[in-house]
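Right, one structure below, let's go through it.
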Amino acid sequence: MAEGERAESGGGPGPGRPPSPAELERAEALKTRANEFFKGKDYENAVKYYSSAIELNPTNAIYYGNRSLAYLRTECYGYALADATRAVELDKKYVKGYYRRAASNMALGKFKAALRDYETVVKVRPNDKDAKLKYQECHKIVKQKAFERAIASDEHKRSVVDSLDIESMTIEDEYSGPKLDGGKVTLAFMKELMQWYKEQKKLHRKCAYQILVQVKEVLAKLPTLVETTLKETEKVTVCGDTHGQYYDLLNIFELNGLPSESNPYIFNGDFVDRGSFSVEVILTLFGFKLLYPDHFHLLRGNHETDNMNQIYGFEGEVKAKYTAQMFALFSEVFEWLPLAQCINGKVLIMHGGLFSEDGVTLDDIRKIERNRQPPDSGPMCDLLWSDPQPQNGRSVSKRGVSCQFGPDVTKSFLERNRLDYIIRSHEVKPEGYEVAHDGKCVTVFSAPNYCDQMGNKGSYIHLRGSDLRPDFHQFTAVPHPNVKPMMYANTLLQLGMM
Amino acid sequence: MAAAARDPLSAAGLDEADEAVRGTCEDASVCKRFAVSVGYWKDPYIQYFVRQAKERKAPEINRGYYARVHGVSYLIKAFLKKTDCNCQIVNLGAGMDTLFWRLKDENLLPRKYFEVDFPMIVARKIHNIKSKPPLSKPIMESHSGDSLLIDSHSLDSSRYSIVGADLRFSSDLEEKLKKHNLDIHLPTLLVAECVLVYMTPQQSANLLKWAASTFPVAMFINYEQVNMTDRFGQIMIENLQRRQCNLAGVEICRSLDSQRERLLLNGWETARAIDMMKVYSFLPQADVKRIEGLEFLDEKELFEQLMQHYCICWASKDSSNLGLASITF
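Right, here's the structure in full:
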């Protein structure tokens, strides 16, 4: 990772030529000097001298291991990780190397990776008390962080639900917020919840858990491809990304009416991350899913995944407002979100787009085993990540994942599957929507002034059973409370001083 | 502080605004520390100046700081090379910057490195330096002669000096720097990162004029906002105002042209300005590829928009014909 940064300058042994005995000796001397600096807490010089030693003798695992520790002391976790990895590559039996790598991973929050290395150390040094202690510590964190993810194998995943005892959670008398009615979501509850959230208050964790456990059950029963019919007289509203912009979600309900059996909705992924109110958005959407399971649909977006949630704020928000355990449950629930929806066999909806390869059928989508984190490639990844492009063919994606697909790809996919067009989201558009590929690829995006920065409009689509062509409705952002700029708040509040 | 003494009636209001500006120092440093901890660049010193971030920062923020730190550093090193380190650096509004220590590690110290900031910030920085050997040792190592001069708002050593002053009052600033052996005849590089924008156009013009007229051979590097007349700019201004932080000089941040012009109008011979997206493209791409692999950026638009609203401007005057005007990316 940091190889380019620390490329050995001229003067070292160079590729292919092993160091001479004199160079080896000098390298050792440099290392000894470096160790002295290290003891004296002069980590800068320690790194310098280790680097010089490495220059002379680039295959000594100990030099890398020692330098890794110096980097750890100076919080250069990325470099520490790179050095520790190199040390272990050079000498698989170098126990300290595993130790260093585990410490780097811990610092970088990669607890599972750290646990693997601690495990190795404990195996090799069963009598080392410190190793055992570190292993136990790490193990605890991993467990706390994501129960089933930490100890599950692919065959039998243990659910957070199993370790929850919701019944015995009590709601204090002082809590004056919404509660489920007999354990069920009602319209009255939803109305009370939305107002409660508008006032920036927190839903009691028991209710949150109840919702999550119930919605997980509902989602798990759904197929990966949800197929619905829209009768002539019926209509449905399709919304795109909402990204934690709760007040804009409320505005959608204000403009377009609350969800109901006669006012069905489809939300096309990316409900969380980036915006400051992801918890409010997702629990509201999950609440409506429970209230109107057949008239309120949620599809998975690329941000309903662990990698995105870790970096873009949802995990941070849930941990701040609730616990890591609750986030682990959210993660499980997200895995059960369907990946696509087909209306009247004619309109296909998914968050990202079409596929990196030709010949994909609706049946292929149906068959995807979706309850997992998306793989790096393949149809499940494409459904969440791909983007349309104006030119024919396919290109490497600007995002570095999945692909960009042209009008010809769309055309042949639609023909093969006897569809009219696709609706997708995933990309912010100034007007809140975009029609591409000769009307066959529609983008809808429902987070106006995205991240308080883009100044874009949001939009939603009306589809009538009588005429499945998209009817676009645009709207602009509404004000929202200025939540302290945490990671998941808008970028701009951190700016100005950038 | 000089300003308060001059106008007691508005001291309270002025100080509240200044306090908000001082707050930006911590924000920037915390963000930098976070980026460093993820691996974007090396800075073993920043941890001694500022606390750890309470929450993650967005990847575009980390990349933005990476570009800022490396862009400014590139120009600084070009100046050092052009002058063979026979020069001075004056870091205006330096905050908790760690450049002195990093340059020393690379054996690239100028003859003397000066830092200036509000007395409150300087006091804090001096306290950190005094209490943390990794910070104080390099200063003592590079010091020759008798003991260092340290008081609550200033520290003076052979190669490093920090002084508390108000940048809006250049005569006071000059006096304090000269007390610390500023040599106006040495080629001097002045650096201001997110500093001028907090002063009125008049005040920043005065500062630039003072620098241009005081040093016969000099370069000025300015990093701050640009293209601020659009919606993004408006939103940033509003957001900052809600934190009582006033971008008093935002008028000059209209465009790259206005940034260039203000330098030329205030005594500098040549001036250039480019936005950070451009700077990003000029950075060594091998390392850029490395940092892009550190955190996955889900949305390029946010990053690009952010970067197009910040710029690096640099100006020079060169009575010795050292070739300062040719310094560029």
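Keeping their order, the protein sequence lines are chains S and E.
Per the working numbering, the first sequence runs over residues 13 to 510.
Per the working numbering, the second sequence runs over residues -15 to 313.
Using N, Cα and C, we set each Cβ at its ideal position, and we do this for glycine too.
- Among the residues of chain E, those whose CB is under 8 Å from the CB of Val440/S are Glu283, Glu285, following chain order.
- Runs of the beta strand (DSSP E) lying entirely within the stretch 327 to 381 of chain S and spanning at least 3 residues, in chain order: 352 to 355, 359 to 361.
- Taken in chain order, the unbroken stretches of beta strand (DSSP E) that lie wholly in the stretch 95 to 169 of chain E and span 3 residues or more are 96 to 101, 133 to 135, 138 to 140, 144 to 148.
- For the 8 Å CB-CB criterion, Gln289/E and Gln465/S form a contact.
- At least one CB of chain S lies nearer than 8 Å to the CB of Ser21/E.
- For the options Ala62/E, Cys229/E, Pro122/E, Met212/E, the alpha carbon positioned closest to that of Met291/E is the one of Met212/E.
- In the DSSP assignment, Pro482/S falls within the unbroken beta strand (DSSP E) covering 479 to 487.
- If the five residues before and after Val330/S are omitted, its C-beta is found closer than 7 Å to the C-beta atoms of Val291, Met338, Phe339, Phe342, all from its own chain and listed in chain order.
- Taking 8 Å as the cut-off, the beta carbon of Ala73/S is found no closer than this to the beta carbon of Leu93/S.
- If you look at Trp208/S, you'll find it in the alpha helix (DSSP H) that goes 199 to 210.
- Between the alpha carbons of Asn57/S and Thr97/S lies a distance of about 22 Å.
- According to DSSP, residue pairing for Gly470/S in a beta bridge involves Phe487/S.
- Ranked by Cα distance from Gly194/S, the options Glu179/S, Asp450/S, Asn47/S are led by Glu179/S.
- DSSP lists no beta-bridge partner residue for Met212/E.
- In the three-state DSSP reduction, Tyr187/S falls in the coil class, being neither helix nor strand.
- Boundaries of the beta strand (DSSP E) around Leu310/S: 308 to 310.
- DSSP places Ile178/S in the coil class of the three-state scheme, outside both helix and strand.
- Ala257/E is bridged by DSSP to Cys297/E.
- Sequence-distant Cβ neighbours of Thr296/S in its own chain, meaning closer than 8 Å and more than five residues away, are Met202, Leu205, Met206, Tyr209, Tyr258, Leu261.
- Nearest C-alpha to Gln31/E among Leu281/E, Ile113/E, Cys297/E: Ile113/E.
- The CB of Glu67/S never comes closer than 8 Å to any CB in chain E; the least such distance is about 16 Å.
- Annotation for Asp450/S: Pro419 place their beta carbon closer than 7 Å to its own, counting only its chain and skipping 5 residues before and after.
- In this structure, the straight-line span from the alpha carbon of Ala37/E to that of Glu244/S is close to 55 Å.
- Chain-ordered listing is empty here: chain E has no CB closer than 7 Å to the CB of Asn117/S, the nearest sitting near 12 Å.
- Here Ile258/E is near Ile296/E, since their CB atoms are less than 8 Å apart.
- With a 10 Å radius around the Cβ and a threshold of 16 neighbouring Cβ atoms, Ile66/S comes out buried.
- Within the stretch 176 to 200 of chain E, the residues whose Cβ lies closer than 9 Å to some Cβ of chain S are Cys178, Val181, listed in chain order.
- For the stretch 294 to 326 of chain S, the beta-carbon criterion of a distance under 9 Å to any beta-carbon of chain E is satisfied by Asn314, His315, Asn319, Met320, Gln322, Ile323, Tyr324, Gly325.
- Scanning its chain for C-beta atoms nearer than 7 Å, with the 5 sequence neighbours on each side dropped, one finds around Glu273/S the residues Tyr304, His307, in chain order.
- Residues Gly79, Met80, Ile105 of the same chain have their beta carbon placed closer than 7 Å to that of Cys9/E, with the five preceding and five following residues left out of the count.
- For Arg215/E, the neighbours in chain S by C-beta distance under 7 Å run, in chain order, Gly467.
- Comparing alpha carbon positions, the residue from Lys141/S, Gly77/S, Pro30/S closest to Asn47/S is Gly77/S.
- Using a Cβ-Cβ cut-off of 8 Å, Thr488/S is close to nothing in chain E; its nearest Cβ partner there is about 11 Å away.
- Counting along the chain, the unbroken beta strand (DSSP E) around Tyr433/S starts and ends at 433 to 436.
- By the rule that beta-carbons nearer than 8 Å mark a contact, Lys26/E touches chain S.
- When the alpha-carbon of Ile355/S is set against those of Thr71/S, Gly405/S, Arg481/S, Pro491/S, the nearest one is in Arg481/S.
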